[in-house]
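*Asks:*
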Amino acid sequence: MSFLKIERLTKRYDHITAVDGISLEIERGEFISLLGPSGCGKTTTLQMIAGFTDVTSGRIVLDGRDLAEVPPAKRGLGLVFQSYALFPHMTVAANVGFGLEMRKVNRADRDRRVAAALQLVGLSSMADRYPRRMSGGQQQRVALARALVIEPNLLLLDEPLSNLDAKLRDEMQGELRDIQERTGLTTILVTHDQSEAMALSDRIVVLNKGAIEQVGPPEAAYKTPSSHFVASFLGRTNTLEGNREGPSVSVKDQRWTVGEDGNSGPILVAVRPERISFGETGLKGIVRKRVFQGSQWFFEVESEAGPIVVLAPNDSRRLPGTGDTVCLAWQAEDMRVLPRDRAV
Amino acid sequence: MNRNGPLALAFHALVVLFVTAPILVVCVVAFTSRGYLSLPTDGLSLRWFYAIGDRPEFLASFRTSLWLAALSSTIAVVLAVPAALAIGRLKFAGRGLLLSLFQSPLMIPHLVLGIALLRFFTEAGLGISGWTLVAGHLVVVFPFALRLILTTSVGLDQQIENAAVSLGASRWTKFRRITLPLILPGVVSGWILSFIQSFDEVTMSVFISTPHTTTLPVRLFLYIQDNIDPLVASVSAILIVLTVIVMVVLDRLFGMERLLVGPGRS
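Order-wise, the sequence lines are chains A and B.
Residue 344 is where the first sequence ends in UniProt numbering, and the numbering goes up by one at each step.
Residue 266 is where the second sequence ends in UniProt numbering, and the numbering goes up by one at each step.
#1: Look at the Cβ atom of L168 of chain A, then the Cβ atom of G137 of chain A, and state whether they are nearer than 7 angstroms.
#2: Leaving out the 5 sequence neighbours to the left and right, which residues in its chain are closer than 8 angstroms to M1 of chain A when beta-carbon positions are compared?
#3: Please report how far the alpha carbon of G155 of chain B lies from the alpha carbon of A80 of chain B, in whole angstroms.
#4: Under 8 angstroms Cβ-Cβ, which residues of chain B neighbour L77 of chain A?
#5: Residues of chain A with CB under 7 angstroms from A93 of chain B, in chain order?
#6: So which residues on chain A does A169 of chain B lean against when the C-beta distance must stay under 8 angstroms?
#7: Let me confirm a value: residue 418 of chain A is counted as buried when at least 16 other C-beta atoms fall within 10 Å, else exposed. Which label applies?
#8: Please confirm if H15 of chain A has its CB atom under 7 angstroms from at least one CB of chain B.
#9: So N162 of chain B is in the alpha helix (DSSP H); what residue range does that whole segment cover?
#10: Applying a beta-carbon distance threshold of less than 9 angstroms, which residues of chain B neighbour A93 of chain A?
#11: The alpha helix (DSSP H) with F102 of chain B in it runs from where to where?
#12: By the three-class DSSP mapping on this structure, what secondary structure does R147 of chain B have?
#13: Tell me, please, whether the CB atom of F229 of chain A is closer than 7 angstroms to any CB atom in chain B?
#14: Going by DSSP, what residue range makes up the beta strand (DSSP E) through I158 of chain A?
#15: Does any residue of chain A bring its CB to less than 7 angstroms from the CB of A86 of chain B?
#16: Classify S266 of chain B: buried if its beta carbon has 16 or more other beta carbons within 10 angstroms, exposed otherwise.
#17: Just to confirm, are P160 of chain A and G76 of chain A a CB contact at a threshold of 7 angstroms?
#18: Beta-carbon separation of N95 of chain A and V142 of chain A under 7 angstroms?
#19: Taking 6 angstroms as the cut-off, is the CB of H228 of chain A close to at least one heavy atom of the ligand GTP?
#20: In this structure, how does DSSP classify C40 of chain A when only helix, strand and coil are distinguished?
#21: With burial defined as no fewer than 16 other Cβ atoms inside 10 Å of the residue's Cβ, what is the status of V140 of chain B: buried or exposed?
#22: So which of A:I26, A:K74, A:G29 has the shortest CA-CA distance to L167 of chain B?
#23: Using a Cβ-Cβ distance cut-off of 7 angstroms, determine whether D157 of chain B contacts chain C.
#24: Using a beta-carbon distance cut-off of less than 9 angstroms, what residues from the stretch 169-194 of chain B approach chain A?
#25: Quick one: what does DSSP say S198 of chain B is sitting in, helix, strand or coil?
#26: Runs of 4 residues minimum, wholly inside the stretch 206-271 of chain A: which ones carry the alpha helix (DSSP H) assignment?
#27: Any C-beta of chain A sitting closer than 7 angstroms to the C-beta of I160 of chain B?
#28: I'd like to know if the stretch 146-161 of chain B and the stretch 28-40 of chain B are in contact, where contact means that at least 3 CB-CB pairs between them fall below 8 angstroms.
#29: Any beta carbon of chain B sitting closer than 7 angstroms to that of H192 of chain A?
#30: Using DSSP's beta-bridge definition, name the partner residues of K11 of chain A.
#31: If we define contact as Cβ-Cβ less than 7 angstroms, is A8 of chain B a contact residue for chain A?
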C-alpha cells in the first residue's frame, strides 16, 4: 500500500479540463516532481491535494485516509508557495510558530521547535525580523521552516524556487534535497523547470494538458522519453523524421539497427544534442551558427533532415567553423524511436 | 527626489494658504471682544469661549455628534469588512451590481436623502429618533468605509490565507489572526473617514434630527439662522483644535500616511 495514492483525479472547470484522470502512487520518503509547462495541471493537482481546490472526480488517499473527508486545515500538510506567502505582520519566529500555536503546543515546546526549525534552514539569527526586511532567499527559507516545523506527513512545494535568481536557486536546490533526505519527508514538488526537477527528485511525473505523459526516475525519463513531448520538454532534443523497416531505422540515407523489432512505417527519431558527434561519415549538413558556452560549444547545423542542434565538449578536438560542411553521426543506442502520430 | 522650482513653490504656497486661510480666520475671530463677527483689533478676549458655557445645548450636541459618528462608522465598518472581502476577492454573479448599490449613496444629494428618509421613517411608523439618525448616517458613511477597506482587501494575497489554513487555522482564526491584521489599515482609515463624514453631515441631518438628537453642525446651522455672533466662531475654533490634536496623536501612533494611503510595500 503506497503512502499517497491518487486515483483518476479529475478537475473540470466550466469548459476546460485542467486535470484529466491522473493516477499516481507515491511511496513514503519519496521526492516526486510534477513537471510540465504552465497550464498542464500540475498546480491544480497540488491544490487538490492541499484541499484548496475542489475535486471534480477521483480520490486522493494519504496514508490510508481518503482526503475528501479531511478539511484542508486538518490535513497536516506542509506547504511552500511560490510567493512565499509569509504573514507580513508577524516576525519570523511568529510565522514559523503559527502552525504549532494552532496545534496548541505549549510555549516552551514551541520556542524550542521554532529554534530548531530556524537552525535547520540556517536563519537562527533572524528570529525577530519581519519578512519584508529579508531577501527572497531568506523569505523562502522561513516559508520552508514554517512548513517543516509542524512535522507534516507530506511536503508540497509549489514552484518554490522560481522567484530566486539562478545562483541562489542552485544553492537552495542543494539545501532542499539535503533537508528532505535528513527529514525523510515525502515531498511533491511542482515545477516547470526541468533541470530543477531532474536535480531534486527520485521520480519525475511529466504532465501535459492535464494528463501524465511519463513517470520515472530523471535519468530514465531523459534517456528514454516515451513521447515527443517528454523528449522535447526534458532538455533539448532533435526530432527528425525517419522510416522504420523491422529492426532497421533510417533517416535520409543513414541507417541504424535498433535492437527491438517494430511496425514498419514513418516514425520520429529523437537524439540528444550532446550525443551527436562530427565524423567522416553520417548525415550531411552545413554549420549555420556556433556559440561558445564555456565548457561546451553549441552548434546549429542545417542538415539534409532539417535543422539539428549539437553540443560538443570544449576539449582538444578540432571543431568545424561556421559555413563548414559536416557529417553528423550517432550510435543506435543514443536515439529514441517515437511514433510519428504524436508529433507536436 | 523632485525639486520644486520657485514658481511651483509659490503656487503650492498659495494653494496651502487658500485652503487654510478660512480656518485661521475663524480661529482669530473667535478671540474678538465685540458682539459681532470681526477681527480682534483692540485686544483679545475669551468672552465667546465663556459664552459656550451658558449654552449647554451646544455641549449636548457635541456629545450627540461624537456618539452618532462613532456608532454609525463602527456599524459601517463591521458591515463593510465582509462586503469588501467578498467583492474584492470572489467572482460571483451580481458582484458589480452589488458594488454600485453600496456606492450609490455617494451619488444621491444629501438633501434628497434627507427628505426621502424623513418620509420613509414616518410612513413606516418609526418616527424619527436617535436610531433613525444612526441609520441615516450609516447610509451616508458606508460607501467611504467600503471603498477604503476594499483597496486593502483587493491586494490581499490569497496564498497567505491558504498558508494559514494549511497550518491548521480555522476560518475564524484565519480571519482574526491573518486577514483582519492585513486589512487593518483600510479598516482604521475607513472608520476615521466615516467618522469625519458623519460628524460633518448637516444637509441630511437637518431633516431627521429631533430636538433631543440635534448634532453639532445642525445646532450651529440653526443657531446662525437667528443670531450672528462670534459664538459659532469659538465653537469652530475648539473643533479645529480638537481635530488637530486627534490628527497629531493618530500620526504619532500609526503614521498618517500609512492610515490614509495604505501600507507601504517594503
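Glycine residues also receive a C-beta, built at the ideal position from the N, C-alpha and C atoms.
Just so it is clear, the structure is predicted and the values come from calculations on it, not from any experiment.
*Replies:* Put simply:
#1: yes
#2: G64
#3: 16 angstroms
#4: S166
#5: Those do not exist, as A93 of chain B stays about 13 angstroms from chain A at its closest Cβ, beyond 7 angstroms.
#6: A73, F98, M102
#7: The first residue shown for chain A is 1 and the last is 344, placing residue 418 of chain A beyond what the model contains.
#8: Not closer than 7 angstroms to any Cβ of chain B, the Cβ of H15 of chain A fails to qualify, so no.
#9: 158-166
#10: By Cβ distance, chain B contributes nothing, its closest Cβ being about 14 angstroms from A93 of chain A, past 9 angstroms.
#11: For F102 of chain B, the enclosing alpha helix (DSSP H) begins and ends at 95-103.
#12: Looking at R147 of chain B - three-state DSSP - the assignment turns out to be helix.
#13: no
#14: Rather than Ile, the amino acid found at residue 158 of chain A in this sequence is Asp. For D158 of chain A, the uninterrupted beta strand (DSSP E) run begins and ends at 154-158, by DSSP.
#15: no
#16: In this predicted model, S266 of chain B has a pLDDT of only 32, less than 50, meaning its place in the structure is not dependable; the value taken from the coordinates is given anyway. Classification of S266 of chain B: exposed, given that the 10 Å Cβ count is below 16.
#17: no
#18: yes
#19: This structure lacks the ligand GTP; in fact it carries no ligand of any kind.
#20: coil
#21: buried
#22: A:K74
#23: Within the model displayed, chain C is absent; protein chains A and B are what it includes.
#24: A169, S170, R171, T173, K174, R177, I178, P181, L182, L184
#25: helix
#26: 218-223, 228-233
#27: yes
#28: Not touching, per the Cβ criterion.
#29: no
#30: A:V19
#31: no
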